[in-house]
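Residue numbers (the numbering used here), protein chains in the order written: chain A, 116 to 374; chain B, 59 to 377.
Presented below is the structure to which this report refers.
Structure (structure tokens):
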């Protein structure tokens, strides 16, 4: 079973993330870039599927040159190779363009399942896997908290508000996994050394046959026209419990007509 | 006046509050038209409820194939309705299913999508809160029919009478849309608490609760308020509650009228998922806990004393 893991490099959520006032896109210099946290679970799930069913794990990333650092980390966890789509013209692309680029890039490798994290911590859209399945016309098996493969049949447990749905489809399939589906491994020293010589195939839009006029900020189907920093929330009143803390909260709630 | 389509969410024959919120928003933007997609017989139960919130029309796309598969058939149905109605915009509530339906619809209609909006105005300005609500953006859709997914609790639902004129839409679901079959649906949550993502009141517990057994303190407080129950990441990581209850950067984002944080310190990862709540109350023994920086009302004290007392007070006042 050949597995592609869709990995995104994002600004670290621990940093003070910003937008670039020049073009209202994510400022990728303000905060150190890292592997999208939830994608680490996607990488681990890919490695587990390879261990159980054989095949290769390929990391697929669309992102600027600097994403190479994150790709090397994913390779050091145990992935076999990577495809890195990197092109200035991609800057500012919306989710639709990203899904179309991913679809073209998947055409350059052998794959049975493409696994993504259920969301990226920067955009938080959770829309790219569904869009990718739509573009490719393949099964969409998203928000998986468990993935089971039996031959060409993939069954997942899709996390819902009240429990889960068991959803089944045939390969090729686009899967997204939620955090905590597994326990992502740390790169070993051996893994880090091995990653240095693993192949990263860098592709431009031209290599993939994607028209630069269909992607990028200027061709996005929606635009951020302005932004402002939200005013920090003002702290209200705090009291020390003198044995009547619960009653005091009830009074406060009543004064706000909340009870 | 141009129609604004609202995809209807319902559970067991009852329209969800988030749909009423969107019908209210749609009336400010144009003529509200509800879209019911589901198995045959779905719309009959919902029509009167939709009329009470001003739906001028109810588009009904029903078929056996519209239930039982993951999102793709519903996106095809919504696309069929949009083709028939040529609406000014399509609004759906920001659930996981609906965001994926909207994602597919954007490609089908070649139209721009903005997700997780907290506001939409008549000029087409859509506001979102990003990066843990630290930045508010305003965006516009420049292509096709604007498709907007709206976070629950962004609009106050206001009743208004609507004609709810029924319009049947025939949909034939493609084979491509039937590639992910729902073979089983399993409910794990006991009781009848509201869903976390769109509840008006949320009570969450954190590490200070100390154990899975003690979590009953949070549940009792929640039940006294008719609230949904949430948890911090630490509590989920410890295995005291299921993952679906995690509020935060990588969990559920909530924006209720009232959020009560019990024994939660308020790490950035948690704050990102709840700091747009209208009113925040915190109970924590550590006066330095960052949650107090957000709280409208905070009590520094032992949650094992304060929370049960609050539960009793609420129960008494509501009796």
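Virtual Cβ for every residue (Gly too), placed ideally from N, Cα, C.
Name, going along the chain, the residues of the segment 168 to 184 of chain B whose beta-carbon falls closer than 9 Å to a beta-carbon of chain A. 168, 169, 170, 171, 172, 173, 174, 183, 184
Should residue 144 of chain A be flagged as near chain B, meaning a C-beta pair shorter than 8 Å? no
When you compare the CB of residue 226 of chain A with every CB in chain B, is at least one pair closer than 8 Å? no
Report the rounded CA-to-CA distance for residue 299 of chain B versus residue 358 of chain B, giving the unit in angstroms. 25 Å
Closest Cβ-Cβ distance between residue 160 of chain A and chain B: below 8 Å? no
Distance check for residue 208 of chain A and residue 366 of chain A, CA to CA, integer angstroms please. 50 Å
Quick check on the DSSP output: the beta strand (DSSP E) that includes residue 281 of chain B runs from which residue to which? That residue, residue 281 of chain B, is in no beta strand (DSSP E); its alpha helix (DSSP H) goes 274 to 283.
Between residue 236 of chain A and chain B, is there a C-beta pair that is closer than 8 Å? yes
Name the residue from B:102, B:151, B:231, B:130 whose alpha carbon lies nearest to the alpha carbon of residue 238 of chain B. B:130
Residue 365 of chain A (DSSP reduced to helix, strand or coil): helix
What's the gap between the Cα of residue 74 of chain B and the Cα of residue 373 of chain B? 26 Å
Have a look at the DSSP bridge pairing and note the partners of residue 145 of chain A. Looking at the DSSP assignment, residue 145 of chain A forms no beta bridge with any residue, so it has no partner.
Between residue 205 of chain A and chain B, is there a C-beta pair that is closer than 8 Å? no
Looking at the C-beta of residue 246 of chain A, does it have a partner C-beta in chain B at a distance below 8 Å? yes
I'd like to know if the segment 319 to 339 of chain A and the segment 250 to 265 of chain A are in contact, where contact means that at least 3 CB-CB pairs between them fall below 8 Å. no
Sequence-distant residues of the same chain with beta carbon closer than 7 Å to residue 232 of chain B, five excluded per side: 134
List the residues that DSSP assigns as beta-bridge partners of residue 279 of chain A. A:274, B:244
Complete runs of the beta strand (DSSP E) confined to the segment 246 to 275 of chain A [at least 3 residues]: 254 to 265, 268 to 274
Could you spell out the range, first to last residue, of the beta strand (DSSP E) harbouring residue 172 of chain B? 171 to 178
Measuring CB atoms only, is the segment 202 to 220 of chain B touching the segment 176 to 186 of chain B, in the sense that at least three cross pairs come out at less than 8 Å? yes
Between residue 258 of chain A and chain B, is any beta-carbon pair separated by less than 8 Å? yes
I need the DSSP call for residue 340 of chain B, collapsed to helix, strand or coil. strand
Quick one, which of B:145, B:167, B:174 has its alpha-carbon nearest residue 157 of chain B's? B:174
Alpha carbon of residue 213 of chain A to alpha carbon of residue 330 of chain A, nearest angstrom: 8 Å
Taking 8 Å as the threshold (C-beta atoms), are residue 141 of chain B and residue 117 of chain B in contact? no
Beta carbon of residue 142 of chain B: closer than 7 Å to some heavy atom of the ligand SAH? You won't find the ligand SAH in this model; it holds no ligand whatsoever.
Nearest chain B C-beta to residue 118 of chain A closer than 8 Å, yes or no? no
In chain A, which residues lie less than 9 Å from residue 202 of chain B when you measure between Cβ atoms? 336
What do you get for residue 360 of chain A, buried or exposed, if any count of 16 or more other CB atoms within 10 angstroms of its CB means buried? buried
In the structure shown, what three-state DSSP assignment does residue 79 of chain B receive? helix
Measuring CA to CA, which of B:368, B:146, B:375 is closest to residue 464 of chain B? Residue 464 of chain B is absent from the model: chain B starts at 59 and stops at 377.
Inter-residue CB distance, residue 307 of chain B and residue 330 of chain B (contact presumed, cutoff 8 Å): 4 Å
Within 8 Å (strictly less), CB to CB, does residue 104 of chain B reach chain A? no
What number of angstroms, rounded off, separates the C-alpha of residue 63 of chain B from the C-alpha of residue 304 of chain A? 55 Å
Rounded straight-line distance, which links the Cα of residue 297 of chain B to that of residue 275 of chain A: 18 Å
Backbone CA spacing between residue 306 of chain A and residue 191 of chain A [nearest angstrom]: 5 Å
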